[in-house]
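Visitor:
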Amino acid sequence: IPISSLLFNESFNTTAHETIISNNGIQLTKLPPLQKLHVVNKDDCNTSEITEQDIVNILLCAMKDQHFNVLCFEGFLMPVSFSSSSFTNTMISRAINVSWCPFDSVFHLDLQTGHWEVNDFEAIRNSYSDIISINESDTILQQRSKVQLLYIAANHDTPISCLHLNKSVEQYQEESCVLHSGIHLKPIATVEHLCIEKGMGRNKELRKIKKPEIRKIFLYGMKSQKLNDISFRGCLLPVDNLSKYIPSDMKGRDIRITWPEWGYCLNLQTGEWEVADLDHIKALCTKTVQINFRDSQALQRDTIRLLENAANHD
Numbered sequence: 326i327p328i329s330s331l332l333f334n335e336s337f338n339t340t341a342h343e344t345i346i347s348n349n350g351i352q353l354t355k356l357p358p359l360q361k362l363h364v365v366n367k368d369d370c371n372t373s374e375i376t377e378q379d380i381v382n383i384l385l386c387a388m389k390d391q392h393f394n395v396l397c398f399e400g401f402l403m404p405v406s407f408s409s410s411s412f413t414n415t416m417i418s419r420a421i422n423v424s425w426c427p428f429d430s431v432f433h434l435d436l437q438t439g440h441w442e443v444n445d446f447e448a449i450r451n452s453y454s455d456i457i458s459i460n461e462s463d464t465i466l467q468q469r470s471k472v473q474l475l476y477i478a479a480n481h482d483t484p485i486s487c488l489h490l491n492k493s494v495e496q497y498q499e500e501s502c503v504l505h506s507g508i509h510l511k512p513i514a515t516v517e518h519l520c521i522e523k524g525m526g527r528n529k530e531l532r533k534i535k536k537p538e539i540r541k542i543f544l545y546g547m548k549s550q551k552l553n554d555i556s557f558r559g560c561l562l563p564v565d566n567l568s569k570y571i572p573s574d575m576k577g578r579d580i581r582i583t584w585p586e587w588g589y590c591l592n593l594q595t596g597e598w599e600v601a602d603l604d605h606i607k608a609l610c611t612k613t614v615q616i617n618f619r620d621s622q623a624l625q626r627d628t629i630r631l632l633e634n635a636a637n638h639d
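What follows is the structure in structure tokens.
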């Protein structure tokens with residue numbers, strides 16, 4: 326007896342060969358004639374993953390009937406891309422629609438290339454003329470959805486005007502940055518402006534970025550051939566010379582490094598922070614400049630540097 330649709334409503338666990346296994350361990354090997362299979366995980370905070378092999382196994386199980394043509398996933402974490410060799414010629418020739426909605430965007434899997442795509446790419450392209458923020462407050466599925474959109478934009482050579490990593494990064498590596506959620510964000514080759522924001526630490530003071538981490542951020546950002554600006558916000562930075570932490574390749578590119586909250590711009594040739602916005606320095610000095618007992622060494626050093634810059638400018 327044929328059925329039009331089968332829904333696994335938070336009941337999918339895993340697969341084994343051509344068998345689907347439920348959360349209670351029940352194995353489903355043979356399906357009735359079926360057109361659509363829908364697998365749902367509604368918990369935004371859940372880190373349940375669907376692997377590449379899971380998708381292949383589900384397709385092998387469902388494709389035994391010639392009427393099957395739609396496989397949908399809602400929620401879940403998915404691979405960024407797939408090996409095109411994982412999908413058989415039969416899967417490709419039948420043009421089965423495999424879709425995934427991690428949060429508020431729907432992606433469709435191109436079985437030939439193994440890449441996720443979107444139906445209305447022009448709408449996505451237009452959205453990248455604005456700031457794209459990956460926020461600390463985002464759920465893991467929100468972050469995963471944004472990351473996939475960034476990868477799709479890069480695959481289409483679409484410029485991303487600004488990528489704002491808003492207190493969301495655990496650590497930077499040359500080949501990726503690791504978000505607090507555990508998601509790896511590879512360098513996006515079409516980012517024009519990379520904005521790094523750290524925010525407050527447990528001591529209610531801005532978090533500090535140390536010199537080795539600054540170098541990793543530079544190396545990460547330089548993977549974008551379109552990069553022209555890196556800005557640091559909501560953080561404390563070392564104000565002494567950074568020359569040895571600036572990659573040599575970076576000095577030959579026209580990249581502007583700014584620290585807007587203090588009005589500074591980094592001279593890539595000398596490694597020194599220079600006053601770029603004198604009006605902002607003056608505005609800071611119109612308020613009471615405080616050096617407090619409980620200030621960290623980094624905050625006191627940054628404040629003293631502000632006073633020195635004020636003294637050097639009438």
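Position in the sequence shown counted from 1, then plus 325, gives you the working numbering. A virtual CB, placed ideally from N, CA and C, is assigned to each residue, including glycine. These figures come from a predicted structure and were not determined experimentally.
Which full runs of the alpha helix (DSSP H) of 4+ residues lie inside the region 396-470, going along the chain?
Guide: Runs of the alpha helix (DSSP H) spanning 4 or more residues and lying entirely within the region 396-470 occur at 414-418, 446-452, in chain order.
Visitor: Counting only runs of 3+ residues fully inside the region 356-384, write out the beta strand (DSSP E) ranges in chain order.
Guide: The beta strand (DSSP E) runs lying completely inside the region 356-384 and spanning 3 residues or more are 359-365, given in chain order.
Visitor: Measure from the alpha carbon of C560 to the alpha carbon of each residue in G577, D574, W587, then state which is nearest.
Guide: The count along the sequence shown starts at 1 and reaches residue 560 at position 235. Answer by Cα proximity: W587.
Visitor: Can you tell me where the beta strand (DSSP E) holding Q496 begins and where it ends?
Guide: In the sequence shown, the residue the question calls residue 496 occupies position 171. Its beta strand (DSSP E) spans residues 494-497.
Visitor: So for S330, helix, strand or coil by DSSP?
Guide: Working through the sequence shown from its first residue, we reach residue 330 at position 5. Residue state, collapsed to three classes: strand.
Visitor: So, V472 versus I421, is the Cβ gap smaller than 8 angstroms?
Guide: Within the sequence shown, residue 472 is the residue found at index 147, counting from 1. Within the sequence shown, residue 421 is the residue found at index 96, counting from 1. No; because the gap between Cβ atoms is not below 8 angstroms, this pair is not in contact.
Visitor: So what does D554 bridge to, in DSSP terms?
Guide: For the purposes of this step, residue 554 is taken as residue 229 along the sequence shown, with counting starting at 1. Per DSSP, the beta-bridge partners of D554 are H518, R581.
Visitor: Does F618 pass the burial test, meaning 16 or more other C-beta atoms within 10 Å, or should it be called exposed?
Guide: Within the sequence shown, residue 618 is the residue found at index 293, counting from 1. With fewer than 16 other Cβ atoms within 10 Å, it is exposed.
Visitor: Can you check whether the CB of Y570 is closer than 8 angstroms to the CB of Y497?
Guide: Numbered from 1 along the sequence shown, position 172 holds the residue referred to as residue 497. Numbered from 1 along the sequence shown, position 245 holds the residue referred to as residue 570. No, Cβ-Cβ distance for Y497 and Y570 is not below 8 angstroms.
Visitor: Determine the burial state of I477: buried for a count of at least 16 other Cβ atoms within 10 Å of its Cβ, exposed for fewer.
Guide: Taking the first residue of the sequence shown as 1, we reach residue 477 at position 152. Buried.
Visitor: Beta-carbon within less than 7 angstroms of D429's beta-carbon, same chain only, minus the 5 sequence neighbours each way: which residues are those?
Guide: Position 104 of the sequence shown, counted from the first residue, corresponds to residue 429. The beta carbon of D429 lies closer than 7 angstroms to those of S470 in the same chain, with the five residues before and after it left out.
Visitor: With distances taken between CB atoms, is the gap from R626 to P585 smaller than 8 angstroms?
Guide: Along the sequence shown, one-based indexing puts residue 626 at 301. Along the sequence shown, one-based indexing puts residue 585 at 260. No, the Cβ-Cβ distance between R626 and P585 is not below 8 angstroms.
Visitor: Would G577 be called buried (16 or more neighbouring beta carbons within 10 Å of its own) or exposed?
Guide: Counting from 1 along the sequence shown, the entry for residue 577 is found at position 252. G577 should be labelled exposed.
Visitor: Alpha carbons only, please: which of G350, L402, R630 is nearest the one belonging to L466?
Guide: Taking the first residue of the sequence shown as 1, we reach residue 466 at position 141. Taking only the C-alpha atoms, the option nearest L466 is L402.
Visitor: Quick check on this structure: which residue in I521, K529, E343 has the alpha carbon closest to the alpha carbon of C386?
Guide: Counted from its first residue, the sequence shown places residue 386 at position 61. That would be E343, whose Cα lies nearest to the Cα of C386.
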